[in-house]
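Numbering (this note's numbering), first residue to last: 152 to 252.
Down below is the structure, laid out as structure tokens.
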Amino acid sequence: MAIEKFNGGTVVTGGHIAVYQLLVWKSAVGLEAKGIKVHRRSVTAMVKRHFGWKGNASTILTLLEAEIAKRKREADAEEAAKPCPECERSNGPNYRGPCTH
């Protein structure tokens, strides 16, 4: 995950922001499945509405895990294609090995 340290804090950047949101939803749906209310409204219902999914909490958890894996692969690929900001070496088609930073 693209995590940057900034002034003593931590920042999630790029396509990994969406992955982080899915991880938060996964945690909340897992807690709701155990009977713990995390939000005023059902997070499971919000996730189902957002993706157009149907099923119970365990089904939604399985679907969320698959979606997280897919989005993480996409964000990682996007991140790998970016050049290193320190040496401008790209991991794209002209890849010459990892930079030393």
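For glycine and all other residues, C-beta sits at the position ideal for the given N, C-alpha and C.
Within-9 Å CB hit, residue i to chain D
{"i": "residue 189", "result": "In the displayed structure, chain D is absent; only one protein chain is listed."}
Sequence-distant residues of the same chain with beta carbon closer than 7 Å to residue i, five excluded per side
{"i": "residue 181", "result": "212"}
{"i": "residue 155", "result": "162, 164"}
{"i": "residue 223", "result": "170"}
Neighbourhood of residue i by C-beta, 6 Å cutoff - its chain only, sequence neighbours within 5 removed
{"i": "residue 207", "result": "none"}
{"i": "residue 229", "result": "166"}
{"i": "residue 226", "result": "166, 167, 170"}
Residue i (DSSP reduced to helix, strand or coil)
{"i": "residue 164", "result": "coil"}
{"i": "residue 199", "result": "helix"}
{"i": "residue 188", "result": "coil"}
{"i": "residue 204", "result": "coil"}
{"i": "residue 178", "result": "helix"}
Residue i CB to nearest heavy atom of the ligand COA below 8 Å
{"i": "residue 188", "result": "This structure does not include the ligand COA; it has no bound ligands of any sort."}
Where the alpha helix (DSSP H) through residue i begins and ends
{"i": "residue 209", "result": "208-232"}
Neighbourhood of residue i by C-beta distance below 8 Å, restricted to the same chain and skipping five residues each side
{"i": "residue 204", "result": "198, 210, 211, 214"}
{"i": "residue 183", "result": "189, 193, 194, 195, 208"}
Residues that DSSP places opposite residue i in a beta bridge
{"i": "residue 155", "result": "162"}
Cβ contact check for the stretch 169-184 and the stretch 207-222: 3 or more pairs under 8 Å: Judged by pairs of C-beta atoms under 8 Å, the stretch 169-184 touches the stretch 207-222, as three or more such pairs exist.
The stretch 155-174 in contact with the stretch 214-221 per 3-pair CB rule at 8 Å: yes
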